[in-house]
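**Q**
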Amino acid sequence: MEKKTKQGSLADRIPAKVWVLLSFLAAMLLWWILSIIPATSRAFPNVVKVLASIKTMISRGVLWKDLSSSLISVVSGYVLGFVIALPVAILMAWYKPVRYIIEPWIQFIRNIPPLAYVPLIVIAAGVGRRPQIIVITIACFLIMCVTIYQGVINVDETLIKAARVLGATDKDIFIRVIAPATLPFILTAIRLGASVALTTLIAAESTGANAGLGMRIRSLNNSFESAPMLLYIIIIGILGITIEKLIKTAERRLTSWQEKREI
Amino acid sequence: MAGEARNLKNTNEHVRVRIDNVRKVFNGRNGEMVALNGVSLDIHDNEFICVVGPSGCGKSTLLNIIAGLLEPTEGKVYCDGKEVTGTGTERGVVFQQYALFPWLTVKKNVMFALEMRGVKGKQAEQEAMKYLEMVDLAKFADHYPKELSGGMKQRVAIARAYAAEPSVLLMDEPFGALDAQTRTQLQTELLETWERDKKTCFFITHDVDEAIILAQRVIIMSARPGRIKEIVDIDIPYPRTQETKLTPEFNALKNRIWSQVYQEYLEVRK
Ligand SMILES: Nc1ncnc2c1ncn2[C@@H]1O[C@H](COP(=O)(O)OP(=O)(O)O)[C@@H](O)[C@H]1O
Ligand SMILES: [Mg+2]
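Protein chains in written order, with our numbering: chain A, 970 to 1232; chain B, 23 to 292.
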């Protein structure tokens, strides 16, 4: 709970846009301080150097290649993960045997950092694009499956009864009750999946990729080029927040009927 | 039993729902649990029946069996002479938790019932508005359920149940979650509607006042196992209003029914 202090009321009077600007300025200030303290200055070169590295990376001909390579892996793994997660989640929710057999393993694997099993996937699937997509698919599948499953399981039983007494068939109930009732969870799954896809990227690109944001950060590390490294880290951050904002907007539009909003 | 003797005078009327020696056993963690035993009742056409009894005595179980949402362990239920084997649109249900589809507007909720009956498009829309006017909510046609108060939600649920054109309306403590003032308001509206169309109603409540003001017959149930303890005819003529609650007849019936229910309540506590 926020306290109702004088600062609280001041905080309310300042427009949200101004807060965004202030927050940005505070981060820039912190960055600048880090860039002049001797102990941290090598890891955090200043803004000018980082912006200059955009040109360096473009002239080396790798920036667009890295960006598109990463996006292809992320998007393919993510879409595949969703396509598998949706039916598996529904089967788990509807058929107890499926649930009892699969669910413990989903929970088990979900708690293992992807980086740990990457070598096994490389041994099985070789190097190149394929293992990258597989790693992201697995991570996305796990989180989306669990989330969608929760949604289908939590559909209000009374709504299904209400539809049934009004004459709804099983098909009606699936399309007109279970699907819309699960939609908020599916959208949450889509949002969480996107974030997992990006955070798994570094692990995925440790499979001997020849381009990609994560792969490039590792190779820049070998030559101690911290300015372009920081640039790439910021690019990943911007990608993440943009995707999340887009999905959140869609969520708000599509599920405005909900009584309470989830975080 | 006095109730049974009185019950006989109705036997020449058309029987809408016949509950024939119904028994329901649940298999719970603590072994078998007999929720209903030997329950028989005829619900006549155009009749308003209220069921009262301590909580856990099997009222909802009985309603769900009539609705076809639960199967009896023994015994049968007939609706219009046909054995009940599942849900059917001739048996409408109003739930205590409203059970409106939150992703549909008020009008679309009512249209859901019409569309399940095969009414489509513009016509479904027009008919939905007609049912919303019946509950005085036409103005809120395009609102979502979350924007309505509890009383308004239940009126939408009643409109939706009516839109399915059932021949009997089953209501499980429909006003149980509402505040006292809203509850009396909805009672009055329901009375007016029933006095107009005489839709057969099977109405569960834990509120003795509510049972007497609405019903022609009040069924008192006892617990463990759930069974019909007594049937009380309510001979107060319609139209009834909230003022009916001030009459001596009403209070005599209230004392009689309430003491029976209280006895059952004490039994359950033991
Ligand atoms: N699905 C179920 N499984 C096991 N026991 C149940 C189930 N539904 C109801 N019961 C039990 O049956 C008894 C009657 O319940 P119910 O019909 O809901 O009572 P009421 O509506 O009169 O309060 C209760 O003791 C309840 O615990
Ligand atoms: Mg109940």
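The beta-carbon is built from N, C-alpha and C at its ideal position, and this holds for glycine as well.
1) Do the CB positions of V1096(A) and T1169(A) come within less than 8 Å of each other?
2) I'd like to know whether the C-beta of M23(B) is nearer than 8 Å to at least one C-beta of chain A.
3) Does any heavy atom of ligand 3 sit closer than 7 Å to the C-beta of K129(B)?
4) Would you kindly work out how many angstroms separate the C-alpha atoms of L122(B) and E187(B), rounded to a whole number?
5) Relative to the alpha-carbon of K292(B), which residue among F272(B), I253(B), R246(B) has its alpha-carbon at the smallest distance?
6) Thinking C-alpha only, which one of L990(A), S1038(A), S1164(A), A1021(A) is nearest E1194(A)?
7) Under DSSP, the beta strand (DSSP E) around S244(B) begins and ends at which residues?
8) Between which two residues does the beta strand (DSSP E) containing V47(B) stretch?
9) Using Cβ-Cβ distances below 9 Å, what residues of the region 160-183 of chain B are close to chain D?
10) Less than 8 Å separating the beta-carbons of V1124(A) and I1147(A)?
11) Near A1196(A), which residues of its chain fall below 6 Å by C-beta distance, leaving aside the five closest residues on each side in sequence?
12) In three-state DSSP terms, what is C79(B)?
13) By Cβ distance, which residues of its chain are closer than 8 Å to K251(B), with the 5 residues on each side in sequence left out?
14) Establish whether the CB of E1130(A) and some CB of chain B are separated by less than 8 Å.
15) Strictly below 9 Å CB to CB, what residues from chain A border T111(B)?
16) Looking at M296(B) and ligand 1, is the gap between the Cβ and the nearest heavy atom below 7 Å?
17) What does the Cβ neighbour count give for A181(B), buried or exposed, with the cut at 16 atoms within 10 Å?
18) Does the beta-carbon of S978(A), which I'm using as the reference point, lie nearer than 7 Å to any heavy atom of ligand 2?
19) Looking at C-alpha atoms only, which residue of W1000(A), I1059(A), I1005(A), A985(A) is the closest neighbour of F1143(A)?
20) Tell me, please, whether the region 87-101 of chain B touches the region 1104-1122 of chain A by the rule of three or more beta-carbon pairs shorter than 8 Å.
21) Mind checking if F123(B) is an interface residue toward chain A, Cβ cutoff 8 Å exclusive?
22) Cα-Cα, which of L1156(A), A1158(A), K1229(A), K1130(A) is closest to R1145(A)?
23) Kindly indicate if chain A contains any beta-carbon less than 8 Å away from that of V254(B).
24) Using CA atoms only, rank isn't needed, just tell me which of Y1047(A), L1036(A), L1215(A), L1200(A) is closest to G1162(A).
25) Going by other Cβ atoms of all chains shown within 10 Å of its Cβ, with 16 needed for buried, is S1038(A) buried or exposed?
26) State yes or no: is the C-beta of E54(B) within less than 8 Å of the C-beta of V61(B)?
27) If I follow the unbroken alpha helix (DSSP H) through D219(B), where does it start and stop?
**A** So, from the listed chains and residues:
1) no
2) With a pLDDT of 41 at M23(B), under the threshold of 50, the predicted position of this residue should be treated as unreliable, though the coordinate-derived value follows. In terms of beta-carbon proximity, M23(B) stays away from the interface with chain A, with every pair separated by 8 Å or more.
3) No copy of ligand 3 appears in this structure; the ligands present are ligand 1 and ligand 2.
4) So the alpha carbons of these two residues sit roughly 17 Å apart.
5) Among F272(B), I253(B), R246(B), the Cα nearest to that of K292(B) is on R246(B).
6) A1021(A)
7) 239-244
8) 37-50
9) Of the chains in the structure shown, none is chain D; the protein chains are A and B.
10) yes
11) P1014, K1018, V1019, S1022
12) coil
13) G75, I242, M243, S244, Q282, E286
14) It is Lys, not Glu, that sits at residue 1130(A) in the sequence shown. Answer yes: the Cβ-Cβ gap between K1130(A) and chain B drops below 8 Å somewhere.
15) V1134, L1135, G1136
16) With chain B covering 23 to 292 only, the question about residue 296(B) has no answer from this structure.
17) buried
18) no
19) I1059(A)
20) no
21) yes
22) K1130(A)
23) no
24) Y1047(A)
25) So S1038(A) ends up on the buried side.
26) no
27) 202-219
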